[in-house]
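Colleague:
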Amino acid sequence: MTKMSDYDQKMISQYKSKVVDRALKIYENSELSSLQFLEQLDLVFLQIWRSAVCLQELPANVMSLVISNCSHEKLSQISEYNHLSTFFALNCNLKDISSISSAIFLVKLNMSGNLFTDTTPLSTLTRLNDLTLMQNKIENASPLQSLVNLVHLDLSVNAVLDVSFVLRMKKLKVLKLRKNKISFARFLLRMELDVDLGANCIQDVQDYKKKEWIIDGQREPVKDLIYFKLKAVHSSQELICKKQRLQIVVRNNEIKRRILFIIDESSVENEIFGKGYQIIHAGW
79 MTKMSDYDQK MISQYKSKVV DRALKIYENS ELSSLQFLEQ LDLVFLQIWR
129 SAVCLQELPA NVMSLVISNC SHEKLSQISE YNHLSTFFAL NCNLKDISSI
179 SSAIFLVKLN MSGNLFTDTT PLSTLTRLND LTLMQNKIEN ASPLQSLVNL
229 VHLDLSVNAV LDVSFVLRMK KLKVLKLRKN KISFARFLLR MELDVDLGAN
279 CIQDVQDYKK KEWIIDGQRE PVKDLIYFKL KAVHSSQELI CKKQRLQIVV
329 RNNEIKRRIL FIIDESSVEN EIFGKGYQII HAGW
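The numbering used here runs 78 ahead of the 1-based position in the sequence shown.
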């Protein structure tokens with residue numbers, strides 16, 4: 079075992095009752111057990127000198143745990159931490175998340191940037207109100223329908239086809255679905271929530287009939303803001319609405335759009351009324 083330097087010993091002492099700082103290098107997991115009053119542990123910037131973080135060596139009262147870029151595939155001890163309410167496992171190459179199913183006390187969970195496809199183990203975490211699963215390999219997210227306490231759900235950058243399960247989530251306020259394979263989402267128009275559906279496969283103008291939306295590519299997607307990518311039916315020309323503010327009116331399957339601010343930031347205002355456009359990407 080590599081001997082700890084005086085500096086590292088000093089750092090451990092300094093952070094006994096605080097969040098472990100990025101400057102601390104962990105040589106042995108057993109050193110973590112000495113942090114008796116630790117409530118929050120962030121391993122994102124730490125240099126870990128062993129092949130895996132042994133969670134059973136952590137203080138039992140840890141409430142928040144963040145790990146990143148640690149190539150351990152099993153988190154079998156996670157359920158032993160009854161005080162743990164927040165857990166982030168970012169970019170850890172996780173393919174099997176079955177061990178997370180017993181962590182029933184979690185309120186906030188972020189497992190972005192991993193490799194798992196099966197969301198079934200998450201169905202037992204019914205206390206969750208914030209769940210982020212960005213950039214995984216998820217196709218079927220329907221097991222999440224049991225998470226009726228969710229307020230925030232982010233499934234961006236996956237391969238999800240069907241999101242009808244969210245109809246059961248009456249408390250949901252924010253739903254992020256950018257860059258999936260969703261082609262039908264008409265039912266979302268009936269829900270009172272902020273939705274981001276950008277870079278999906280929504281093409282049916284009928285979904286947005288009699289709706290009026292404001293497009294603003296310079297702002298974050300919030301309620302009543304929608305990102306469109308319009309494609310002419312009879313040509314290959316595409317209009318990508320970035321850095322533009324447009325007013326979109328859909329009537330009788332006809333898209334009418336008014337350019338309020340154009341890309342070159344000119345003060346010129348144009349009105350373009352036309353038929354024969356398809357929505358190929360949309361998000362609001």
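Heads up, the beta-carbon is just placed ideally off N, CA and C, and yes, glycines get one too.
Look up S180 in the DSSP assignment and say whether it is helix, strand or coil.
Modeller: In the sequence shown, residue 180 corresponds to position 102, counting from 1. Note: S180 maps to helix in three-state DSSP.
Colleague: Measure the C-alpha to C-alpha separation of S313 and N278 and round it to an integer number of angstroms.
Modeller: Your numbering for residue 313 matches position 235 in the sequence shown. Your numbering for residue 278 matches position 200 in the sequence shown. At S313, the pLDDT of 35 sits below 50, so the modelled position is not reliable; the number obtained from the coordinates is stated separately. Near 21 angstroms, if we compare the C-alpha coordinates of N278 and S313.
Colleague: Using three-state DSSP, classify T198 as helix, strand or coil.
Modeller: Numbered from 1 along the sequence shown, position 120 holds the residue referred to as residue 198. Looking at T198 - three-state DSSP - the assignment turns out to be helix.
Colleague: Name the residue from V185, S180, N169 and N171 whose alpha carbon lies nearest to the alpha carbon of M141.
Modeller: Indexing the sequence shown from 1 puts residue 141 at position 63. Nearest option by C-alpha distance: V185.
Colleague: What is the rounded straight-line gap between the Cα of N171 and the Cα of N207?
Modeller: Locating residue 171 in the sequence shown gives position 93, counting from the first residue. Locating residue 207 in the sequence shown gives position 129, counting from the first residue. Straight-line Cα distance between these residues: approximately 24 angstroms.
Colleague: Check whether the Cβ atoms of N218 and N236 sit closer than 8 angstroms, and answer yes or no.
Modeller: Taking the first residue of the sequence shown as 1, we reach residue 218 at position 140. Taking the first residue of the sequence shown as 1, we reach residue 236 at position 158. Cβ atoms of N218 and N236: not closer than 8 angstroms.
Colleague: Helix, strand or coil: which one does DSSP assign to L222?
Modeller: Start at 1 with the first residue of the sequence shown, and residue 222 comes out as number 144. Helix, per DSSP.
Colleague: What are the boundary residues of the beta strand (DSSP E) that S142 is part of?
Modeller: Your numbering for residue 142 matches position 64 in the sequence shown. S142 -> beta strand (DSSP E) spans S142 to S146.
Colleague: Evaluate S234 with the Cβ neighbour count: other Cβ atoms within 10 Å of its Cβ, from every protein chain shown; 16 or more gives buried, anything less gives exposed.
Modeller: Here residue 234 refers to the residue found at position 156 of the sequence shown. With 16 or more other Cβ atoms within 10 Å, it is buried.
Colleague: Taking only the alpha-carbon atoms, compute the straight-line gap between M269 and L255 and give it to the nearest angstrom.
Modeller: Start at 1 with the first residue of the sequence shown, and residue 269 comes out as number 191. Start at 1 with the first residue of the sequence shown, and residue 255 comes out as number 177. One C-alpha to the other measures close to 15 angstroms.
Colleague: On the DSSP letters alone, give me the boundaries of the beta strand (DSSP E) that N188 sits inside.
Modeller: Numbered from 1 along the sequence shown, position 110 holds the residue referred to as residue 188. Element bounds for N188: K186 to N188.
Colleague: Determine the burial state of T197: buried for a count of at least 16 other Cβ atoms within 10 Å of its Cβ, exposed for fewer.
Modeller: By one-based count along the sequence shown, residue 197 stands at place 119. By the 10 Å Cβ count, T197 comes out buried.
Colleague: Could you name the residues of the same chain whose beta carbon sits closer than 8 angstroms to that of F265, not counting the 5 residues immediately before and after it, in chain order?
Modeller: Here the question's residue 265 lines up with position 187 in the sequence shown. Contacts found: S242 and L245.
Colleague: Taking L271 as the reference, give the member of I260, V252 and H161 with the closest Cα.
Modeller: Here the question's residue 271 lines up with position 193 in the sequence shown. When only C-alpha atoms are compared, the closest one is V252.
Colleague: By Cβ distance, which residues of its chain are closer than 6 angstroms to S220, with the 5 residues on each side in sequence left out?
Modeller: If you number the sequence shown from 1, residue 220 lands on position 142. The residues are F243.
Colleague: With a cut-off of 8 angstroms on the beta carbons, I'd call T195 and I216 a contact; round off their distance for me.
Modeller: As a first step, residue 195 is located in the sequence shown; it is residue number 117 there, counting from the start. As a first step, residue 216 is located in the sequence shown; it is residue number 138 there, counting from the start. The pair is a contact, with the Cβ atoms about 6 angstroms apart (cut-off 8 angstroms).
Colleague: How many whole angstroms separate the CB atoms of S224 and P199, which I take to be in contact at a CB cut-off of 8 angstroms?
Modeller: Translated into the one-based positions of the sequence shown, residue 224 becomes position 146. Translated into the one-based positions of the sequence shown, residue 199 becomes position 121. Not confirmed; about 12 angstroms, so no contact.
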